[in-house]
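Engineer: Questions regarding the structure given below will be posed in turn.
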Amino acid sequence: MKRDGLGVQTKTSRFAEAVVSLSKKAVAGEPAPAYRPGKDGYADWVILAIQGFKEYLQHDYRKLMDVLREMPRVAKSLCLTVKTLPHFSTVCARKQAIPMKRWRAILDASLEMYELGDIQAIDATGVDRIQASQHYAKRTDYTFKAVKTTLLIDCETSAILDIHCSMKQPHDTQIGLQVLVRNLDDLTAVAADKGYDWEALRTRLRAESITPLIPQRGPGFRGWARNLLIHDRAYNQRSNAESVFFGLRQRYGETLWARTWFGQFRELVMKSAMRNIERAIEGEDR
Numbered sequence: 001m002k003r004d005g006l007g008v009q010t011k012t013s014r015f016a017e018a019v020v021s022l023s024k025k026a027v028a029g030e031p032a033p034a035y036r037p038g039k040d041g042y043a044d045w046v047i048l049a050i051q052g053f054k055e056y057l058q059h060d061y062r063k064l065m066d067v068l069r070e071m072p073r074v075a076k077s078l079c080l081t082v083k084t085l086p087h088f089s090t091v092c093a094r095k096q097a098i099p100m101k102r103w104r105a106i107l108d109a110s111l112e113m114y115e116l117g118d119i120q121a122i123d124a125t126g127v128d129r130i131q132a133s134q135h136y137a138k139r140t141d142y143t144f145k146a147v148k149t150t151l152l153i154d155c156e157t158s159a160i161l162d163i164h165c166s167m168k169q170p171h172d173t174q175i176g177l178q179v180l181v182r183n184l185d186d187l188t189a190v191a192a193d194k195g196y197d198w199e200a201l202r203t204r205l206r207a208e209s210i211t212p213l214i215p216q217r218g219p220g221f222r223g224w225a226r227n228l229l230i231h232d233r234a235y236n237q238r239s240n241a242e243s244v245f246f247g248l249r250q251r252y253g254e255t256l257w258a259r260t261w262f263g264q265f266r267e268l269v270m271k272s273a274m275r276n277i278e279r280a281i282e283g284e285d286r
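For the sequence shown, the UniProt record's numbering gives the first residue as 1, with consecutive numbering after it.
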């Protein structure tokens, strides 16, 4: 068990250090002071870190801030005191203004805690959004009961490399190309099911010296032989993506709490980043 100046360092305190550090990295340039009286108020990194605690502790905003006020060590990690922690309504309002790129930056930074393997996998599923406001859903004219969610994961560590969310139902090949292209530097060999069977996708991966492990839909001896070769080259590790989806649901819940589509996307990105942090910390204890 690790120790700090206050004695034994708990998993929660180590999580606090990690999420604060990554939240600071997510903002451009030198992080602003945690709190400045007046219109500046709380820094973006403070709001992002509190969002991470929300996922970690699984509380609504009102209860979350009550709990954090009973955790002076966590408040100190935020460079705040118990008395200067923000009101829950401030956190709710401020999170809307923080751009998506900063939420994604936390996910990207969390990968620094891992040594990635040689096989990556991509898969998609639906995440229930029944917590969303029905009035908002009607007003914005979207009716799907689930957010189509695509994860790109590292098979050896189960770390989440990237996440894509959509309120529509785009084809897996189109999402796959978009997600994989923006992560080319982290890829060695990509495993995916037949939903990603698209020769243009395979061609792009090969052009970047990345091995596509994607079976063909079409019948015939050539397709059968290619699929057999793929299965011999660690394609079965693709199932790790399904395990990550299961773990994400089991740890952080089956449904989304945000009431807007952009809030739901941010929520899923933060859940993914927090899962990476938690698993990395747990790995240190083994």
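All residues carry an ideal CB built from backbone N, CA and C; glycine is no exception.
Distance, Cα to Cα, PRO215 vs TRP261?
Structural biologist: As a position in the sequence shown, residue 215 is number 215, starting the count at 1. As a position in the sequence shown, residue 261 is number 261, starting the count at 1. Rounded to whole angstroms, PRO215 to TRP261 spans 33 Å at the Cα level.
Engineer: Counting only runs that start and end within the stretch 50-84, where is the alpha helix (DSSP H) found for 4 or more residues in a row?
Structural biologist: 61-68, 72-77
Engineer: Given a threshold of 16 other Cβ atoms within 10 Å of its Cβ, counted over all protein chains shown, does PRO212 qualify as buried or as exposed?
Structural biologist: For the purposes of this step, residue 212 is taken as residue 212 along the sequence shown, with counting starting at 1. Burial call: buried.
Engineer: Can you name, in chain order, every residue of its own chain whose Cβ lies under 7 Å from the Cβ of GLY176, other than the five neighbours on each side?
Structural biologist: Mapped onto the sequence shown, residue 176 falls at position 176. Here the set comprises ILE122, ALA192, TYR196, LEU201.
Engineer: What residues are listed by DSSP as bridge partners for ASP154?
Structural biologist: Within the sequence shown, residue 154 is the residue found at index 154, counting from 1. DSSP, once it has assigned bridges, lists GLN120 as partnering ASP154.
Engineer: Assuming contact is defined by CB atoms lying nearer than 7 Å, are residue 307 and ALA18 in contact in what I supplied?
Structural biologist: In the structure as shown, the chain begins at 1 and stops at 286. Residue 307 is therefore absent and cannot be evaluated.
Engineer: Tell me the DSSP bridge mates of residue 323?
Structural biologist: In the structure as shown, the chain starts at 1 and stops at 286, and residue 323 therefore has no counterpart that could be examined.
Engineer: In whole angstroms, give me the CA-to-CA distance for ASP185 and LEU116.
Structural biologist: Here residue 185 refers to the residue found at position 185 of the sequence shown. Here residue 116 refers to the residue found at position 116 of the sequence shown. The alpha-carbon atoms of ASP185 and LEU116 are separated by roughly 11 Å.
Engineer: Quick one: is ALA132 buried, meaning 16 or more other Cβ sit within 10 Å of its Cβ, or exposed?
Structural biologist: As a first step, residue 132 must be located in the sequence shown, where it is residue number 132. Interpretation of ALA132 is limited by its pLDDT of 47, a score under 50 that renders its predicted location unreliable; the figure taken from the coordinates is listed afterwards. So ALA132 counts as buried.
Engineer: Which residue from MET100, LEU78, TYR56 puts its Cα closest to that of ARG279?
Structural biologist: Start at 1 with the first residue of the sequence shown, and residue 279 comes out as number 279. Out of MET100, LEU78, TYR56, TYR56 has the C-alpha closest to the C-alpha of ARG279.
Engineer: Considering only DSSP beta bridges, list what GLY126 is partnered with.
Structural biologist: Along the sequence shown, read from residue 1 onward, the residue named residue 126 stands at position 126. Per the DSSP secondary-structure output, GLY126 pairs in a beta bridge with LYS148.
Engineer: Is it buried or exposed for HIS87, if we count other Cβ within 10 angstroms and need 16 for buried?
Structural biologist: Numbered from 1 along the sequence shown, position 87 holds the residue referred to as residue 87. So HIS87 counts as exposed.
Engineer: Applying the 10 Å Cβ sphere with the 16-neighbour rule, what's the burial state of ASP118?
Structural biologist: Within the sequence shown, residue 118 is the residue found at index 118, counting from 1. So ASP118 counts as exposed.
Engineer: Would ASP44 pass as a contact of VAL20 if the rule is Cβ separation under 7 Å?
Structural biologist: One-based indexing of the sequence shown puts residue 44 at position 44. One-based indexing of the sequence shown puts residue 20 at position 20. Against a cut-off of 7 Å, the Cβ pair of VAL20 and ASP44 comes out as no contact.
Engineer: Contact between the stretch 31-47 and the stretch 79-94: three or more CB pairs below 8 Å?
Structural biologist: yes
Engineer: Quick one: what's got a C-beta closer than 7 Å to ARG102's C-beta in the same chain, skipping five residues either side?
Structural biologist: What you label residue 102 is simply residue 102 of the sequence shown in a count that begins at 1. Answer for ARG102: ALA26, VAL27, ASP44, LEU48, listed in chain order.
Engineer: Determine the DSSP secondary structure at ALA16, reduced to helix, strand or coil.
Structural biologist: Sequence index remark: in the sequence shown, residue 16 carries index 16 (1-based). ALA16 falls in the helix class under three-state DSSP.
Engineer: On the DSSP bridge list, what partners appear for GLY41?
Structural biologist: Sequence index remark: in the sequence shown, residue 41 carries index 41 (1-based). According to DSSP, GLY41 shares a beta bridge with ARG36.
Engineer: Cutting at 7 Å between CB atoms, please list the residues of its own chain near ARG251, excluding the five before and the five after it.
Structural biologist: Translated into the one-based positions of the sequence shown, residue 251 becomes position 251. Result list for ARG251: ARG275, in chain order.
Engineer: Would ALA34 and LEU85 be called neighbours here (beta carbons separated by less than 7 Å)?
Structural biologist: Translated into positions along the sequence shown, residue 34 becomes position 34. Translated into positions along the sequence shown, residue 85 becomes position 85. Contact: no.
Engineer: Using 10 angstroms around the beta-carbon of GLN51, count the other beta-carbons present and answer buried if the total reaches 16, otherwise exposed.
Structural biologist: Walking along the sequence shown from the start, residue 51 turns up at place 51. Label assigned to GLN51: buried.
Engineer: Do you know how far the Cα of ILE281 is from the Cα of ARG14?
Structural biologist: Locating residue 14 in the sequence shown gives position 14, counting from the first residue. Locating residue 281 in the sequence shown gives position 281, counting from the first residue. So the alpha carbons of these two residues sit roughly 7 Å apart.
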